[in-house]
Structures are given as C-alpha cells and as structure tokens.
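When the sequence shown is numbered by UniProt numbering, its final residue is 245 and no position is left out of the sequence of numbers. Everything on this sheet refers to the single structure shown next.
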Amino acid sequence: MSEKGKGKVEVFDSEEDLSVSLAKYTADLADKFSKEKGSFTVVLSGGSLIKSLRKVVEPPYVDAVDWSTWHVFWVDERVVPKDHDDSNYKLAFDGFLSKVPILPGKVYAINDALPAEGAADDYETCLKHLVKSNVISVSAATGFPKFDLMLLGMGPDGHVASLFPGHENEKWVTFIKDSPKPPPERITFTFPVINSSADVALVVCGAGKASPVHPALGNDQNSDPLPVGLVFGQGYSFQAVSCML
Ligand SMILES: O=C(O)[C@H](O)[C@@H](O)[C@H](O)[C@H](O)COP(=O)(O)O
Numbered sequence: 001m002s003e004k005g006k007g008k009v010e011v012f013d014s015e016e017d018l019s020v021s022l023a024k025y026t027a028d029l030a031d032k033f034s035k036e037k038g039s040f041t042v043v044l045s046g047g048s049l050i051k052s053l054r055k056v057v058e059p060p061y062v063d064a065v066d067w068s069t070w071h072v073f074w075v076d077e078r079v080v081p082k083d084h085d086d087s088n089y090k091l092a093f094d095g096f097l098s099k100v101p102i103l104p105g106k107v108y109a110i111n112d113a114l115p116a117e118g119a120a121d122d123y124e125t126c127l128k129h130l131v132k133s134n135v136i137s138v139s140a141a142t143g144f145p146k147f148d149l150m151l152l153g154m155g156p157d158g159h160v161a162s163l164f165p166g167h168e169n170e171k172w173v174t175f176i177k178d179s180p181k182p183p184p185e186r187i188t189f190t191f192p193v194i195n196s197s198a199d200v201a202l203v204v205c206g207a208g209k210a211s212p213v214h215p216a217l218g219n220d221q222n223s224d225p226l227p228v229g230l231v232f233g234q235g236y237s238f239q240a241v242s243c244m245l
C-alpha cells in the first residue's frame, strides 16, 4: 500500500473507517507475502490495535485470507501470565486469534514463566531460531530480523511498543521494569528490529494523541524527538492510519 522509502498517512473520520481500511491493508499484505514466499510474519501490539483489527476476522476477509501461512509475534508484551487481563497475548487471543484458524504452533507468545530479563532473552533466542529456519527473513541492510508487517499503536506520550521516552537500546528484544504505562514489567522489540520490517502500520486513534503524532508526521520540527519519531522517517515502507486527530 505504501511505496518503499516513503510513508503514507491516511486520516479517517471515524474509528470504524480506520478499521475497514486496516482490515484491507492487512489482508492485502498477507496475500502478497503468502504468494511471494508461502508465509506471512506479522507482529502485533497491545492496546486498542486489536479492537481496530476486528474487521479482518469478519467477512469477507475471515474466509478469504489463507490463515495457514500466518506467523504471529508481539512487538511488546507485559510480563504477566498469559491468562492475565493485562496480557497482550490474551487480548489478541480473545479479540483476534481465537476467531481464525492460525496454527497454534505459529503463534509465538512469550514464556510467561520467566521474569522480564529472562523472557526478553528467551524471545530473542526464539527469533534467532526462526531466522535460522527461514521462518523470519533477515534485512540485508541491517542484519536485523525483517518481519513482513508490524502493527504498532502509539501512546499519548508518543511511545510505541514498550519503547518509552529515554528507554531505548540496541538489542533485538529488551525489557523494562519501570514502564510509565502499567503494568511496569514488559519486554519489547527494539527500534532496529521495528525499522527493519518490510511494512509498518502505525494505527493511532483519538484526539489525545494529536500532539505526539503531529511532530512525528513532520508538522512540527522544533519539538523534542519522541519514540514514535524514531519509527517515522526511516528508509522503509510504512503507513500511518489515524482518526479523529
Ligand atoms: O502493550 C502495550 O501497551 C502496547 O503495545 C503499547 O505500545 C500500545 O500499543 C500503546 O500504548 C497504544 O495503546 P492504546 O492504543 O490502547 O492507546
């Protein structure tokens, strides 16, 4: 949907319109990558993204999409049991994964028996195995894993994934224990991994998010860079979908 190296921004009048467009965008990319290489590696966030994805698990997409090619990952996860209300896995399972026939072995949840640091290392090791077995591609440009699609939300402070202002580093998967957004303990993909992705969609909805998103879109060059600004402006394809800003 977007040209390589250029971002595309679409603004919708309502969350309903955003959701319709997001379903088509996701289904089209899944089809393109599945036809090209027999698989589709997609990375989910937590938060309102899962609700905005609801139309991809409704007709016509629910029947048209080849779910057998999907491999599902999380860009960030809260360090809580998988059946906890704060779990991004549970959020995605209840609102998305339980409604489609993606093979359970292709859904890569974090190991919820480990503390934050161990869970981050374990997830990075899992990614490295999947790179070795060619499930995940590698970016020739960066050497980092190259997922087909990252679906990111954004917080009102401009955070994406669990990369909050002042918490960045250079591993594939890192952890934090003092997240300003509860719960405090999380693991998260880092910017080099996010920015190595073939496509990124930043899905933003709500007036409360206007002030961080406008500078990130290049409308205000004078403000301090926020995490979201480190996603925009990289040399890869992305699109931002937003509503009611
Ligand atoms: O687990 C999380 O908390 C997230 O992955 C986080 O990065 C989220 O996407 C944003 O905070 C936006 O969340 P909302 O869309 O609910 O505001």
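No residue lacks a Cβ here, since even glycine has one placed at the ideal position from N, Cα and C.
Proximity to residue 207 [Cα-Cα], best of 8, 13, 172: Walking along the sequence shown from the start, residue 207 turns up at place 207. Measuring from the Cα of residue 207, the nearest candidate turns out to be 13.
Cβ contact check for the region 131-145 and the region 83-102: 3 or more pairs under 8 Å: no
Sequence-distant residues of the same chain with beta carbon closer than 8 Å to residue 40, five excluded per side: Here the question's residue 40 lines up with position 40 in the sequence shown. The answer, listed in chain order, is 29, 30, 33, 34, 69, 70, 71, 148, 149.
Contacts around residue 173, its chain only, beta-carbon distance under 8 Å, and the 5 residues preceding and following it disregarded: Numbered from 1 along the sequence shown, position 173 holds the residue referred to as residue 173. Counting only Cβ-Cβ distances below 8 Å, and skipping sequence neighbours, we find 120, 121, 123, 124, 127, 187, 188, 189, 190, 193.
Collapsed DSSP secondary structure at residue 145 in the structure displayed: Counting from 1 along the sequence shown, the entry for residue 145 is found at position 145. Residue state, collapsed to three classes: strand.
Segment limits, beta strand (DSSP E) that includes residue 125: Locating residue 125 in the sequence shown gives position 125, where the first residue counts as 1. Taken as a continuous stretch (DSSP letters only), residue 125 belongs to no beta strand (DSSP E), being part of the alpha helix (DSSP H) at 116-132.
Other residues of its chain near residue 81: CB distance less than 8 Å, five sequence neighbours each side excluded: As a working mapping, residue 81 is identified with position 81 in the sequence shown. 87, 112.
Residue of 47, 115, 92, 210 minimising C-alpha distance to residue 107: Here residue 107 corresponds to residue number 107 of the sequence shown, with the count starting at 1. Nearest option by C-alpha distance: 92.
Proximity below 8 Å, CB of residue 139 to CB of residue 179: Locating residue 139 in the sequence shown gives position 139, counting from the first residue. Locating residue 179 in the sequence shown gives position 179, counting from the first residue. Not closer than 8 Å, so no.
Neighbour-count burial assignment, residue 182, 16 or more Cβ in a 10 Å radius: Numbered from its first residue, the sequence shown carries residue 182 at position 182. Exposed is the call here.
The beta strand (DSSP E) enclosing residue 36, as first and last residue numbers: Your numbering for residue 36 matches position 36 in the sequence shown. Counting along the chain, residue 36 falls outside any beta strand (DSSP E), though it belongs to the alpha helix (DSSP H) covering 15-37.
Status (buried if at least 16 other CB within 10 Å, exposed otherwise) for residue 36: As a working note, residue 36 is residue 36 in the sequence shown. Exposed, by the Cβ-count rule.
Alpha carbon of residue 198 to alpha carbon of residue 11, nearest angstrom: Here residue 198 refers to the residue found at position 198 of the sequence shown. Here residue 11 refers to the residue found at position 11 of the sequence shown. The straight-line gap from Cα to Cα measures roughly 22 Å.
Per-residue DSSP class, three states only, for residue 188: Taking the first residue of the sequence shown as position 1, residue 188 is located at position 188. Residue 188: strand per DSSP, three-state reduction.
Rounded C-alpha distance that separates residue 48 from residue 205: Taking the sequence shown and counting its residues from 1, one reaches residue 48 at position 48. Taking the sequence shown and counting its residues from 1, one reaches residue 205 at position 205. Between residue 48 and residue 205, the C-alpha separation is close to 8 Å.
Pair within 8 Å by beta-carbon distance, residue 55 and residue 95: Here residue 55 refers to the residue found at position 55 when the sequence shown is read from its first residue. Here residue 95 refers to the residue found at position 95 when the sequence shown is read from its first residue. Result no, Cβ atoms of residue 55 and residue 95 do not sit closer than 8 Å.
Contact test: residue 78 Cβ vs ligand 3 heavy atom, cutoff 7 Å: Questions concerning ligand 3 fall outside what the structure shown contains, since the ligands it does hold are ligand 1.
Residue 201 in three-state terms, based on DSSP: As a first step, residue 201 must be located in the sequence shown, where it is residue number 201. Looking at residue 201 - three-state DSSP - the assignment turns out to be strand.
Distance cut-off 7 Å: residue 154 Cβ against heavy atoms of ligand 1: Numbered from its first residue, the sequence shown carries residue 154 at position 154. True, at least one ligand heavy atom lies under 7 Å from that Cβ.
Closer than 7 Å: residue 197 CB and nearest ligand 1 heavy atom: Residue 197 sits at position 197 when you count from the first residue of the sequence shown. No, the beta carbon of residue 197 sits no closer than 7 Å to any heavy atom of ligand 1.
Where residue 8 sits in the DSSP three-state scheme: By one-based count along the sequence shown, residue 8 stands at place 8. Strand at residue 8.
Residue 42 at chain D interface by Cβ criterion, 8 Å: The structure shown contains no chain D; it is built from a single protein chain.
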